[in-house]
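Asker: Take the sequence shown: its letters are residues -24 to -1, 1 to 798, numbered as in mature numbering (1 follows the signal peptide of the UniProt record, and there is no 0).
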Amino acid sequence: MDESVKSSTSILCLLIILIHAVSGANDSINGSEMIRDGETLVSSSGIFELGFFTPRSRNSSTNRYLGIWHRNLTVKTYVWVANRQNPITTKSGGLLKLTEAGILALLDDSRSLIWSSTASTSVRNPTARLLDSGNLVVKDADDDRPENFVWQSFDHPSDTYLPGMMSLGWNLVTGIETYMSSWRSENDPAPGEFTAHLDPTGYPQILVRKGGDIQFRLGPWNGIRFSGAPDTSHDPINRLMLRMDKHEVRYMEHIVDPSALIKSTLSPNGVVPRQTWNHHTQSWAVYTSKPADNCDRYGACGANGICSIGNSPSCLCLDKFVPKHWESWSGADWSDGCVRRSPLSCRGDVFLNYSGIKLPDSRNSSFDDQRKGLEECREECLRNCSCMAYAELDIREGEGGGCLFYYGDLVDIRTVGNGGQNLYIRMASTELDAVEAKRRKRVIIIASSISAAVTVVVCLSLVLIFTRKRKEHLIRMRKQAVVFSRISHGERAELPFFKLSTILKATHHFSVDNKIGEGGFGPVYRGMLEDGQEIAVKRLSKASMQGVDELKNEVILIAKLQHRNLVRLLGCCIEKEENMLIYEYMPNSSLDLILVDETKKMQLGWGKLFHIINGIAKGLLYLHQDSRLRIIHRDLKASNVLLDAHMNPKISDFGLARSFGGTETEAKTHRVVGTYGYMSPEYAIDGLFSIKSDVFSFGVLVLEAVSGKRNRGFFIKDENLNLLGHAWTLYKQGKSYKLVDASLGDSLNLSEALRSIHVGLLCVQRCAEDRPSMSSVVFMLGNDIALPQPKCPGFFAERDVHATSTAPNSDNQVTITWPRGR
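#1: Using the three-state DSSP reduction, which class does G395 fall into: helix, strand or coil?
#2: For C548, list the residues DSSP reports as bridge partners.
#3: Helix, strand or coil for Q538, going by three-state DSSP, please let me know.
#4: If we ignore side chains and look at the alpha-carbon of each, how far apart do K73 and V149 end up?
#5: Thinking just about the alpha-carbon of each residue, which of V392, H485, F24 is nearest to the one in L106?
#6: Hey, would you say residue 799 sits closer than 8 Å to G313, going by beta carbons?
#7: Measure how close the beta-carbons of K296 and L328 come, nearest whole angstrom, since I'm counting them as under 8 Å.
#8: Name the DSSP beta bridge partners of residue 810, please?
#9: Taking the Cβ atom as the reference point for each residue, do N147 and E229 lie within a distance shorter than 8 Å?
#10: Pull up the DSSP beta-bridge partners for N329, would you.
#11: Measure how close the beta-carbons of I511 and E560 come, nearest whole angstrom, since I'm counting them as under 8 Å.
#12: Which whole-angstrom value describes the C-beta separation of M556 and L516, a residue pair presumed to lie in contact below a C-beta threshold of 8 Å?
#13: Under the rule that 16 or more other beta-carbon atoms within 10 Å means buried, what is W302, buried or exposed?
#14: Considering only residues of the same chain and omitting the five flanking positions on each side of D370, which have a CB-CB separation below 7 Å?
#15: Check whether the segment 599 to 618 and the segment 691 to 704 touch, using three or more Cβ-Cβ pairs below 8 Å as the test.
#16: What is the C-beta distance between G110 and I44, in whole angstroms, given that I count them as a contact (C-beta under 8 Å)?
#17: Taking the alpha-carbon positions, what's the P563 to I492 distance?
#18: Rounded to whole angstroms, what's the CA-CA distance from D164 to K52? Just pull it up for me.
#19: For G503 and E554, what's the separation of their Cα atoms in angstroms?
#20: Taking the alpha helix (DSSP H) that A703 falls in, what are its first and last residues?
#21: Could you tell me whether the Cβ atoms of P102 and N6 are closer together than 8 Å?
#22: Quick check on P766: buried or exposed, where buried means 16 or more other Cβ atoms within 10 Å of its Cβ?
#23: Could you tell me if D118 is buried or exposed, where buried requires 16 or more neighbouring beta carbons within 10 angstroms of its beta carbon?
#24: Is the Cβ-Cβ distance between D670 and L597 less than 8 Å?
#25: From which residue to which residue does the alpha helix (DSSP H) around W582 run?
#26: What residues match up with P244 in a beta bridge as DSSP calls it?
#27: Would you please state the rounded distance, in angstroms, between the beta carbons of L248 and S240? I believe it to be under 8 Å.
#28: For H46, I'd like the list of residues in its chain whose CB is within less than 6 Å of its CB, leaving aside the five on either flank, ordered along the chain.
#29: Which of the three DSSP states, helix, strand or coil, is assigned to E373?
#30: Helix or strand or just coil, what does DSSP make of V99?
#31: Please determine, among N759, F381, G675, G395, the residue with the shortest C-alpha to C-alpha distance to Q741.
#32: State the DSSP-derived secondary structure class of P657, mapped to helix, strand or coil.
#33: Under three-state DSSP, which class holds F192?
#34: Apply the 10 Å Cβ neighbour rule to Y501 and answer buried if 16 or more other Cβ atoms are within range, or exposed otherwise.
#35: Are there 16 or more other CB atoms within 10 angstroms of the CB of E745, so buried, or fewer, so exposed?
#36: Exposed or buried, which one is G466 when buried takes at least 16 other CB atoms within 10 Å?
This is the structure we're talking about:
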């Protein structure tokens, strides 16, 4: 090599070394090395930089944070902050140290720990490196596998999503959710009010919440994008992907052009702009932004309404639906939504196609990911009377297909034009008959001018259609009658029968004022017999074949059970087209309503509450061990515990229960039913249920009763734990007393409350074999004895990166209960 070239090369290398020395920049740090305030860690290509910073602030704040930002941009853009909730306030700033164990520790000048990472495995030769993707990673320097990280910042996002992240979603094995949270303000990186989640309930979709309330959503995943997001199939910069299997549900973006700088940031006001860096203008250009308009506001037009930003007004009812309250609707208050103009008959219903829309909220849905066509989806939805609509699950050409089924009201639909999807909504056949009648009339007029014979054929066809529908209706009614006749005369001949006239008189002819609930089987009414006895009447809906199966199951089981803590079946009524079950009336409604009413809880007091907990335990013990059948309830929850006049608890709703022989202990189902927040891990994930599934549900119920909080939707600011995680954390800290509901006041017996919490934690342990039987639970609750130490709960911990859990996706079928006594 020429000497002059060698000299130039040496000078260039020396300059690079000097530049790095002056700037204080490193490309990595190894075990026991550190980065001080003023020094930085730079990715190999120089795109990203890690170091200490103070946000711009009007009040001249000196708080220091460890963060990552885009390097060499004219606009300082922070993409990740480590110590969001715990800034460094000392004058000398802080330092970042990589320990020999492979843990990043952020310290202030007094060497107090401000923040730290975690290490899931031991590391012999740890090194920390900032990658070109903006990901800060810790790995073993001796490990050649490129993605084998001990820890990475992509698993702990702040307010910014960068391409290559796999961190928006759920680990279904550990129950850990990773999500984004906004800054508190433009100058304060502490977690703000808004969070962005990949919600796997029903079928995955991205939701942005303010606290616990949904602000907007992008619609369910359709194989290419989220239904309400712009069409990105021809995006030259990056590709969108969703990974979903039994282990995880994750959303990610793969960047096609490595030179492009892209980011999505959840702003402090809840807006999510998707931006790319414009090198020409030296600024961030908005690619897309959500919410884009008023129609993006969640549920803007209520249930069964559709929003179109080009209309005036922007909200309309879906075709064949009418406003629930005309006066409110005409006053531009669309929150109550719309209802069907004609009720469904289940059999013989038809589907109306809506095109170019964002699909409804998919949290109350199920899916079949086999490559079925739309006709197969239609037939499957038509067979299920609860199915209200269906859509194509995967719209990719050549490899798509499958079915997405919707149940209940259709919420948050909007028009999106050419990028929208088709939704097929169930309608009563009579709705389309009116349209068909007009068409047929025109056909008859034209045909009559050609041939009288054609007119006769058309008339005969109409007669045949009417006759067939009438026959189908009679067959359906006859099937219901046969089922109940078999129940009453074959399964339980001694069950008392009530005359229809008696029930009509007792309920004032099923007056709306007497209606106290609604379920999959049909409505529930309060009534009073001539002798003054109050009753609750379950009236089977004529359109509900699913209700026939549930009520058959319930009457077969509960008619054979007698216990003071189980609701009592008084008899049935099978007359004409009516099929009803009559129960004792519970004047104090359900435990669920007590838990959310501060006044009722204060009046109840700890003594009665502890009595209720013990009563539920004894009722379950009877089901599991002392009854003629071994019964697994499968849907034990606070709303299924009814309270009589003396506040004695009665377990109700046996529509989903299963009976076992004396030697059977567990079973498996392909269709998981029950309620989120109460299902055990082995049942929700693998479909395995046993008496220990009920024990888990009982443990959740005990923690809810003592704390006065529901497990589902539980939220404590700056903690992000569900109720099980919160109870477990307090127990490990020796502070279980903090879980007790303050409204219990002076009536509280602290030792009983702490024992109840301890027993509740034993019942919700992750492994079924670790949970006690109900006989042990009853003994532990009633005796002041030493209790075993509980293990980590199932579906325990946090919804962010520092813990574990919440329930995964399942086919959840629940009854709807109105807040009145029954």
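Backbone N, C-alpha and C fix where the C-beta goes; we use that ideal spot for every residue, glycine too.
Answerer: The answer reads as follows:
#1: Walking along the sequence shown from the start, residue 395 turns up at place 419. In the structure shown, G395 sits in a helix (DSSP, three-state: H, G or I).
#2: Working through the sequence shown from its first residue, we reach residue 548 at position 572. In DSSP, C548 forms a bridge with F473, L557.
#3: Here the question's residue 538 lines up with position 562 in the sequence shown. Three-state DSSP puts Q538 in coil, outside helix and strand.
#4: Residue numbering aside, residue 73 sits at position 97 when the sequence shown is read from its first letter. Residue numbering aside, residue 149 sits at position 173 when the sequence shown is read from its first letter. Roughly 31 Å separates the two Cα atoms.
#5: Residue numbering aside, residue 106 sits at position 130 when the sequence shown is read from its first letter. For L106, the nearest C-alpha among the options comes from F24.
#6: Only positions -24 to 798 of the chain appear in this structure, which leaves residue 799 out of reach.
#7: Indexing the sequence shown from 1 puts residue 296 at position 320. Indexing the sequence shown from 1 puts residue 328 at position 352. K296 to L328, Cβ: 7 Å. Contact.
#8: Past the edges of the chain, shown from -24 to 798, lies residue 810, and the structure says nothing about it.
#9: Locating residue 147 in the sequence shown gives position 171, where the first residue counts as 1. Locating residue 229 in the sequence shown gives position 253, where the first residue counts as 1. No; because the gap between Cβ atoms is not below 8 Å, this pair is not in contact.
#10: Reading the sequence shown from its first residue, position 353 is the one you call residue 329. By DSSP's assignment, N329 forms a beta bridge with Y400.
#11: Within the sequence shown, the letter at position 535 stands for residue 511. Within the sequence shown, the letter at position 584 stands for residue 560. Confirmed, Cβ separation roughly 7 Å.
#12: Here the question's residue 556 lines up with position 580 in the sequence shown. Here the question's residue 516 lines up with position 540 in the sequence shown. M556 to L516, Cβ: 7 Å. Contact.
#13: Locating residue 302 in the sequence shown gives position 326, counting from the first residue. Exposed: under 16 other Cβ atoms inside 10 Å.
#14: Sequence index remark: in the sequence shown, residue 370 carries index 394 (1-based). Around D370, the same chain offers N198, G199, G376, G377, G378 as residues with beta carbons nearer than 7 Å, after the five sequence neighbours per side are excluded.
#15: The segment 599 to 618, when compared against the segment 691 to 704, does not touch it at the 8 Å Cβ threshold.
#16: Within the sequence shown, the letter at position 134 stands for residue 110. Within the sequence shown, the letter at position 68 stands for residue 44. Correct: roughly 6 Å between the Cβ atoms.
#17: Residue 563 sits at position 587 when you count from the first residue of the sequence shown. Residue 492 sits at position 516 when you count from the first residue of the sequence shown. The alpha-carbon atoms of P563 and I492 are separated by roughly 11 Å.
#18: The residue you call residue 164 lines up with position 188 of the sequence shown. The residue you call residue 52 lines up with position 76 of the sequence shown. Distance between the alpha carbons of D164 and K52 is about 15 Å.
#19: Residue mapping note: residue 503 aligns to position 527 of the sequence shown, counting from 1. Residue mapping note: residue 554 aligns to position 578 of the sequence shown, counting from 1. Cα-Cα distance, rounded: 16 Å.
#20: Mapped onto the sequence shown, residue 703 falls at position 727. Here the alpha helix (DSSP H) through A703 covers 699 to 708.
#21: Here residue 102 refers to the residue found at position 126 when the sequence shown is read from its first residue. Here residue 6 refers to the residue found at position 30 when the sequence shown is read from its first residue. Taking the C-beta atoms as reference points, N6 is found nearer than 8 Å to P102.
#22: Within the sequence shown, residue 766 is the residue found at index 790, counting from 1. P766 comes out buried.
#23: Taking the first residue of the sequence shown as 1, we reach residue 118 at position 142. So D118 ends up on the exposed side.
#24: Looking up residue 670 in the sequence shown gives position 694. Looking up residue 597 in the sequence shown gives position 621. No; because the gap between Cβ atoms is not below 8 Å, this pair is not in contact.
#25: The residue given as residue 582 occupies position 606 in the sequence shown. Unbroken alpha helix (DSSP H) run through W582: 574 to 597.
#26: Taking the first residue of the sequence shown as 1, we reach residue 244 at position 268. Residue pairing of P244 in beta bridges, as defined by DSSP: absent, with no partner found.
#27: Taking the first residue of the sequence shown as position 1, residue 248 is located at position 272. Taking the first residue of the sequence shown as position 1, residue 240 is located at position 264. The sequence shown places Val at residue 248, not Leu. Indeed they touch by this definition, with Cβ atoms about 6 Å apart.
#28: Here residue 46 refers to the residue found at position 70 of the sequence shown. Contacts found: T53.
#29: Here residue 373 corresponds to residue number 397 of the sequence shown, with the count starting at 1. Secondary structure at E373: coil, using DSSP grouped into helix, strand and coil.
#30: The sequence position of residue 99 within the sequence shown is 123, counting from 1. Reduced to three states, the DSSP call for V99 is coil.
#31: On the sequence shown, position 765 is the one that residue 741 refers to. Closest by alpha carbon: G675.
#32: Reading the sequence shown from its first residue, position 681 is the one you call residue 657. Helix, per DSSP.
#33: For this step, residue 192 is matched to residue 216 along the sequence shown. It is a strand residue.
#34: Translated into positions along the sequence shown, residue 501 becomes position 525. Buried.
#35: Sequence index remark: in the sequence shown, residue 745 carries index 769 (1-based). So E745 ends up on the exposed side.
#36: Position 490 of the sequence shown, counting from 1, holds the residue named residue 466. Any reading at G466 needs caution, since the residue's pLDDT is 43, under 50, leaving its predicted position unreliable; the model's value is listed next. It is exposed - the Cβ of G466 has fewer than 16 other Cβ atoms within 10 Å.
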